[in-house]
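Enquirer: Numbering of the sequence shown is given in UniProt numbering, commencing with residue 1 and proceeding in unit increments.
Built from N, CA and C at the ideal position, the CB exists for glycine as well.
Computed from a predicted structure; not experimentally measured.
This is the structure I have questions about; it appears just below.
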Amino acid sequence: MTYRIAKPGDIIVEAQKAYPGSFHEKVASSPLMDEFYRKAIRMSGIAELIERSDRTVTVVDVCGGRGRVGEILKEMTKKEFSYVVVDISMRELGKDRWKDRIIGDATHIPLANATADAVFFLNMPVPTSMVERRVARMKPGSTQEVEERWEIAENLRKAGDALYNLNILEGIRVLKPGGSLLVGAKYTGQTRKDKEKWAENLPLTVDRVERAELDSRVIPLWRNYGVDINESVFSITSFTKTHGEIGKLVGEMQGELERRLDTLSETKTFERILEEMKKEMEAKSRDLDELQ
Numbered sequence: 001m002t003y004r005i006a007k008p009g010d011i012i013v014e015a016q017k018a019y020p021g022s023f024h025e026k027v028a029s030s031p032l033m034d035e036f037y038r039k040a041i042r043m044s045g046i047a048e049l050i051e052r053s054d055r056t057v058t059v060v061d062v063c064g065g066r067g068r069v070g071e072i073l074k075e076m077t078k079k080e081f082s083y084v085v086v087d088i089s090m091r092e093l094g095k096d097r098w099k100d101r102i103i104g105d106a107t108h109i110p111l112a113n114a115t116a117d118a119v120f121f122l123n124m125p126v127p128t129s130m131v132e133r134r135v136a137r138m139k140p141g142s143t144q145e146v147e148e149r150w151e152i153a154e155n156l157r158k159a160g161d162a163l164y165n166l167n168i169l170e171g172i173r174v175l176k177p178g179g180s181l182l183v184g185a186k187y188t189g190q191t192r193k194d195k196e197k198w199a200e201n202l203p204l205t206v207d208r209v210e211r212a213e214l215d216s217r218v219i220p221l222w223r224n225y226g227v228d229i230n231e232s233v234f235s236i237t238s239f240t241k242t243h244g245e246i247g248k249l250v251g252e253m254q255g256e257l258e259r260r261l262d263t264l265s266e267t268k269t270f271e272r273i274l275e276e277m278k279k280e281m282e283a284k285s286r287d288l289d290e291l292q
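As structure tokens, this is what we get:
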């Protein structure tokens, strides 16, 4: 079953379109990344839960694309489970019918509260990051443009932080108390202490923080995708959901995101940047279609 929840014209959706291509085709489909996914699954303990449970276990994979987590999990257990994968791109989701596919942003998952046994956030993109990189490469011609670039970059960073937190809070909402939340991305020096500080106001406890050292050949995969990485080391953190309310935090993050996006939408330079990036992506897409 497929659900469509993206909002056309939403600034986040438009920013997401600036990503350089198919993550599935350029990165996730490579077996070189599989150890990263396997390690996250092992840390979650979800395969063991599926094996011993007399009910259907629900796994949610946020920004999961084609659903590599689910494919590997199917190899690890012969019992059936419910697999829900969320992605903003229909192309990334593919057409496999064994999974529930949700087309849309990760802040609106159409599941009831506390229904998932595990939620995965692996290599979750922040839609504003590609725009932020574009702004960083701008060459301002005046002091005013320097100040404007700084303001745009700051609002993009704050909007990105708020959106990231809203995604995680939505994952917490659909997760059962005692369920596992897995967050993984490229390693940037994160420590257990950093993760505990980040989670101190959330109904989460940190279980494990581990590094996944992958084959160095993943580096050109990511660079070809458009994200520059220098080391093939990734970090994975497993959390357990405790009891607690997140409504106030959601409201605060939504307010922060809306304020930042409203400010950006009133900036003509920002509108021009988005339009330029959109045209570039459309041109690349046309070139690919002609090659095929």
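1) Where do the N-terminal and C-terminal ends of the beta strand (DSSP E) with residue 185 fall, by residue?
2) Who pairs with residue 294 in a beta bridge, going by DSSP?
3) Quick check: what's the CA-CA separation for residue 146 versus residue 136?
4) Helix or strand or just coil, what does DSSP make of residue 114?
5) Going by Cα to Cα distance, which pick from 144, 115, 159 is closest to residue 132?
6) If we count Cβ pairs, one from each stretch, closer than 8 Å, do we get three or more for the region 45 to 57 versus the region 239 to 256?
7) Does the region 177 to 189 come into contact with the region 104 to 124, if we say contact requires no fewer than three beta-carbon pairs (one atom in each stretch) closer than 8 Å?
8) For residue 240, tell me which candidate among 229, 200, 217, 227 has the shortest Cα-Cα distance.
9) Run through DSSP, which three-state label would residue 266 get?
10) Let me confirm a value: residue 40 is counted as buried when at least 16 other C-beta atoms fall within 10 Å, else exposed. Which label applies?
11) Quick test of the definition: if touching needs 3 or more C-beta pairs under 8 Å, does the region 224 to 236 touch the region 203 to 214?
12) When you compare each of 56, 42, 25, 28 to residue 73 by their alpha carbons, which one comes out closest?
13) Enumerated in chain order, which unbroken segments of the alpha helix (DSSP H) with a length of 4 residues or greater are wholly contained in the region 204 to 232?
14) Note the first and the last residue of the continuous alpha helix (DSSP H) segment covering residue 69.
15) Around the C-beta of residue 112, are 16 or more other C-beta atoms found within 10 angstroms, so that it is buried, or is it exposed?
16) Can you say whether residue 165 is buried or exposed, counting buried as having 16 or more other CB atoms within 10 angstroms of its CB?
17) Hey, is the region 79 to 87 in contact with the region 265 to 279, meaning 3+ C-beta pairs nearer than 8 Å?
18) Residues in its own chain within less than 6 Å of residue 186 by CB, not counting five upstream and five downstream?
19) Going by CA-CA distance only, name the one from 45, 37, 152 that's closest to residue 260.
20) What does the Cβ neighbour count give for residue 195, buried or exposed, with the cut at 16 atoms within 10 Å?
21) Just tell me which of 188, 149, 32, 34 has its CA closest to the CA of residue 264.
Expert: Inspection of the coordinates gives the following:
1) 175 to 186
2) Residue 294 cannot be examined here, being either before or after the span of the chain that is shown, 1 to 292.
3) 11 Å
4) coil
5) 159
6) no
7) yes
8) 200
9) coil
10) It counts as buried.
11) yes
12) 42
13) 218 to 225
14) 68 to 76
15) Exposed is the call here.
16) Its Cβ being crowded by 16 or more others within 10 Å, residue 165 is buried.
17) no
18) 229, 234
19) 152
20) buried
21) 149
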